[in-house]
Amino acid sequence: MRREIPLLITGIVGVGFVIQYFIPHAPFSYMSDWFSDWFSIIGACAIVLGALNLMKISIQKVISRKKDWGYAAVIIASFLLIVIIGMVEGKDFRVPGTNFDWLYRYMYIPLSATMFAILAFFVASASYRAFRARNFEATLLLIAAFFVMMGRVPVGDIITGFMPEGWRLSNLASWVMNYPQAAGQRAIMIGIGLGIVSTSLRVILGIERSHIGGGE
Amino acid sequence: MSTRAKEILVIIMIVVFSLVFYFRKIAGGKEIIFSNLVAWVLIALLVLSLGLILILTIKGSLIGRRVVFIYVGIVLALPLFMPFTQKITISPEVRSLYEAVEKLPPGSKVLVSFDYDPPSAPELQPMGESFIRLCFQRDFKVIIMGLWPQGPQQANIAIDKILEDPEMQARNLRYGEDYVNLGYQAGNEFVIQRMGSSFKSMFPSDYRGIPYDSMPLVRNIRNFSNIDFSFNLSAGFPGSVEWVQIAVDRYGVELGLGNTAVQAPQMYTYLNSGQVVGLLGGMNGGAEFELLCDYKGKATKFMLSQSFSHMVIIAFIIIGNVAYFLGGRKSALKDK
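Going down the list, the sequences are from chains A and B.
Quick note on the working numbering: the first sequence kicks off at 2 and runs consecutively.
Quick note on the working numbering: the second sequence kicks off at 99 and runs consecutively.
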């Protein structure tokens, strides 16, 4: 029964979801609302669960002095600081001018922006070291990358300003994005869509059971 | 000097440089802009040094990744002080978004979803600012929400920036009547789905706890059928894909998108099929939109840095390929 009941719930909810999508009228529309409300409730609980899990793992790391436990200590301190300040400030904690907002604007934003900005350096370094015209396909990729990188910035059109309208780098970049790139994206998206449909059917029909764990 | 010592030296230099500029700014110092001559000399030095690196590479002396890092840092920072302006070409996808917004009559209700967090803000925040600014200029009513927890706070930052402008202050915009920030709601794409039948069920109050029914702007908004236009700023999941698949395909919402450069390629499929009316892709899309709105924001300002950085990356790709072919098609750079 420990396996059958979750499988039954999954099957009923899955079929219900499919029906409510294709028949958006009562009583199925009520079912859609009901499912959506429940998903939001579960989603909100998952955030709390995720935060508590992060704390549990970080505390365990500090207590057992595992490798890089200092980072875990910083996580705990930062978490407690932001939670305490948020709770002390009550429901208006996100209003501009509060301490929580100050921490967000002047600590969280610069720190996270810095982390993301490092990507520019790594992308440049990786391109220098690994972006090679090894074969025909890689050469095509290089040419497309050149058109898009130069065509997506104003300097591309400055360099090719002497060319007739329609043949400048911005036009070539637009062509790459709208035709070969969009065609490739469509193929990937259709493939993903078919994969989702087949996996969903397997889950709804109880053929795929890995999501309920156990594993006998 | 050891590599470690060099790294520490560079960090100290950057910190000192940043502190000097920070204290200069809070002391009310004027913006530093190089003269044309200085700017051209710097560009010439940059080009010459890249040429030198190419010659060294041909001779078999390869540079390490730290040199690439320094060049990227320099070409991102220096253009901020240069006096040049670039002619920005408007792409069809940006123009179509602008035209779709221009067609809306005054008083139209526009839903803006901020689905991103600070790491993506350099690309998406200028789009949010210029879009909401345009909405206020056209007397639209703006309803803000977020599927990412940090989204509504990014919206607050955008609103604060917009309201600093005397032109906007003169409009005497009122919270609850001209714009509303409904805040964040957990549930990803199911939030959009539920909004199709009831906004209030997902946002019983705004981000400050003001009840939905007590705000005149949203009091009579039941679902998407009461919204004239939607604009989604997205950096991933949940975001543009979910807005297209649920809000557009299921509820017939007219949608425009603002995406990071990484995410934008995927959206061209929706653009070409007519599921979205327009697309701002990356900082370039933001700069093009700013040009159409006749507003010089951060996207326009940073485009010069982006132009320089793209050129330098292409130069390093060429240098890397020269090393690859001269070195018997072996990637000797991998160890660098």
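Just so it is clear, CB atoms sit at the ideal spot from N, CA and C, and this is done for glycine as well.
It should be emphasised that the depicted structure is a prediction, and the values quoted were computed from it without experimental measurement.
The alpha-carbon of residue 145 of chain A is positioned some 11 angstroms away from that of residue 170 of chain A. Between the region 306-315 of chain B and the region 338-353 of chain B, the count of Cβ pairs shorter than 8 angstroms is below three; the stretches do not touch. By the criterion of a C-beta distance shorter than 8 angstroms, residue 181 of chain B is surrounded in its chain by 131, 132, 133, 134, 137, once the five residues flanking it on both sides are discounted. Per DSSP, the unbroken beta strand (DSSP E) holding residue 213 of chain B starts and ends at 207-213. Between residue 195 of chain B and residue 378 of chain B, the gap from beta carbon to beta carbon is short of 8 angstroms. C-alpha of residue 258 of chain B to C-alpha of residue 361 of chain B: approximately 27 angstroms in a straight line.
Look at the beta carbons and you see the region 378-395 of chain B touching the region 187-203 of chain B: at least three pairs across the two are nearer than 8 angstroms. Selection B:121, B:235, B:288 evaluated against residue 267 of chain B yields B:235 as nearest (Cα-Cα). The C-beta of residue 41 of chain A has 16 or more other C-beta atoms within 10 Å across all chains shown, which makes the residue buried. Assignment of beta-bridge partners to residue 332 of chain B by DSSP yields B:213, B:357. Chain A places no beta carbon closer than 8 angstroms to that of residue 392 of chain B, leaving this residue out of the contacts. Taking CB atoms only, residue 66 of chain A has no neighbour in chain B less than 8 angstroms away. In this structure, DSSP gives residue 399 of chain B a helical state, which the three-state scheme calls helix.
By the criterion of a C-beta distance shorter than 8 angstroms, residue 226 of chain B is surrounded in its chain by 210, 212, 252, 253, 256, 331, 356, once the five residues flanking it on both sides are discounted. The shortest C-alpha to C-alpha distance from residue 106 of chain B to any of B:337, B:324, B:164, B:308 is the one to B:164.
Taking the Cα of residue 83 of chain A as reference, the smallest distance to any Cα among A:206, A:137, A:103, A:3 is reached at A:103. In this structure, the beta-carbon distance from residue 101 of chain A to residue 91 of chain A does not fall below 8 angstroms. Between residue 242 of chain B and residue 207 of chain B, the gap from beta carbon to beta carbon reaches 8 angstroms or more. In summary, the residues of the region 182-205 of chain A whose CB is separated from some CB of chain B by less than 7 angstroms are 182, 183, 186, 187, 190, in the order they occur in the chain.
Taking the CA atoms as reference points, residue 161 of chain A sits about 19 angstroms from residue 178 of chain A.
With respect to chain B, the C-beta atom of residue 150 of chain A has a partner C-beta closer than 8 angstroms. Residue pairing by DSSP puts residue 303 of chain B in a beta bridge opposite B:309.
Assignment of alpha helix (DSSP H) within the region 132-167 of chain A, counting only whole runs of 4 or more residues, yields 137-152, 155-160 in chain order.
Taking all protein chains in view, the Cβ of residue 26 of chain A is surrounded by fewer than 16 other Cβ atoms within 10 Å, so the residue is classified as exposed. Here the C-alpha atom of residue 278 of chain B lies approximately 8 angstroms from the C-alpha atom of residue 239 of chain B. Contact between residue 148 of chain A and residue 174 of chain A holds, with the beta-carbon distance rounding to 5 angstroms and staying under 8 angstroms. No Cβ of chain B is located within less than 8 angstroms of the beta carbon of residue 23 of chain A. Taking 8 angstroms as the CB threshold, residue 158 of chain A lines the interface with chain B. Taking 8 angstroms as the threshold, the shortest C-beta distance from residue 417 of chain B to chain A falls below it.
If you check the CB distance, residue 391 of chain B and residue 269 of chain B do not come in under 8 angstroms. Not one beta carbon of chain B lies nearer than 8 angstroms to the beta carbon of residue 145 of chain A. Restricting attention to B:101, B:274, B:306, B:399, the CA atom closest to the CA of residue 94 of chain A is found in B:306. Taken through DSSP and simplified to helix, strand or coil, residue 14 of chain A comes out as helix. The alpha-carbon separation between residue 60 of chain A and residue 49 of chain A amounts to approximately 16 angstroms. About 4 angstroms separates the CB atoms of residue 333 of chain B and residue 214 of chain B; that is less than 8 angstroms, so the two are in contact.
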